Each structure stands twice: as structure tokens, then as C-alpha cells.
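Reminder that position 23 of the sequence shown reads as 23 in the UniProt record's numbering, one-by-one numbering, no gaps.
Cβ coordinates follow ideal geometry from the N, Cα and C atoms, glycine included.
Here the structure is a predicted model, which is why all the values come from computation and not from measurement.
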Amino acid sequence: LLVLDDVWNDDERKWGDVLKPLLCSVGGPGSVILVTCRSKQVASIMCTVKPHELVFLNEEDSWELFSDKAFSNGVEEQAELASRQWVSPSEGVLSINAGGFLLL
């Protein structure tokens with residue numbers, strides 16, 4: 001398993017130079033290269049199978065994830081009101097988790 005995480009470069013020539021050796025030497029039976037990216041352009045350069053597109057968490061799921069990290073012993077009403085304004089579904093799982101851990 002090779003993971004290329006958060007790939008941004010969309011220069012197809014550069015990726016050809018990087019991927020060809022990997023596919024020849026690493027790509028044996030059972031091998032997988034997992035690419036995470038935010039761009040459909042990058043995904044198409046990587047010659048991926050159909051991409052799995054993630055969706056944002058809804059407002060309540062975002063709050064639940066954040067409060068589980070930040071307030072493991074329960075949350076006071078005043079802290080909840082202030083924190084709910086900060087937590088946005090569009091922030092994504094990583095930033096919600098990071099924000100919750102910062103308040104520990």
C-alpha cells in the first residue's frame with residue numbers, strides 16, 4: 001500500500017515521471033496506490049478508478065464530532081453556544097478534530 005495524501009500538483013508531465021517507476025516496481029499483485037486530492041483534474045491525471053467523493057458533515061454531525069473531542073466530560077451551555085458558532089460543516093473533519101483537540 002502506497003498512500004499519496006493531499007496531492008495538489010496538476011502537472012501531468014511531472015506525475016508521469018513519478019508514477020511510471022512506481023507502477024513498474026511497486027505495482028505487483030495485490031498492490032494499491034491510494035491518492036487523496038481535492039481536484040478532479042489531479043484525480044484524472046492519476047489514472048484512478050472512479051473517484052470516491054467525500055461530502056461535508058451536516059451541522060449536527062459536525063457539532064457532535066467537535067464536542068466529543070473538546071468536551072469529553074460534558075459541555076456547559078455557554079461554552080456550547082460559543083463553540084457552535086465556531087464549528088462549521090464546511091470546515092471538514094480534519095479541522096473540526098483539530099479544533100476539538102485544541103480545547104482539551
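DSSP places aspartate 68 inside the alpha helix (DSSP H), whose first and last residues are 59-70. Burial check for leucine 54: the Cβ neighbour count within 10 Å stays below 16, so the residue is exposed.
Here cysteine 37 is buried: its Cβ has 16 or more other Cβ atoms, across all protein chains shown, within 10 Å. In this chain, valine 87 is not harboured by any beta strand (DSSP E), its DSSP state being neither H nor E. Within a 10 Å sphere around the beta-carbon of leucine 1 sit fewer than 16 other beta-carbons, which makes this residue exposed.
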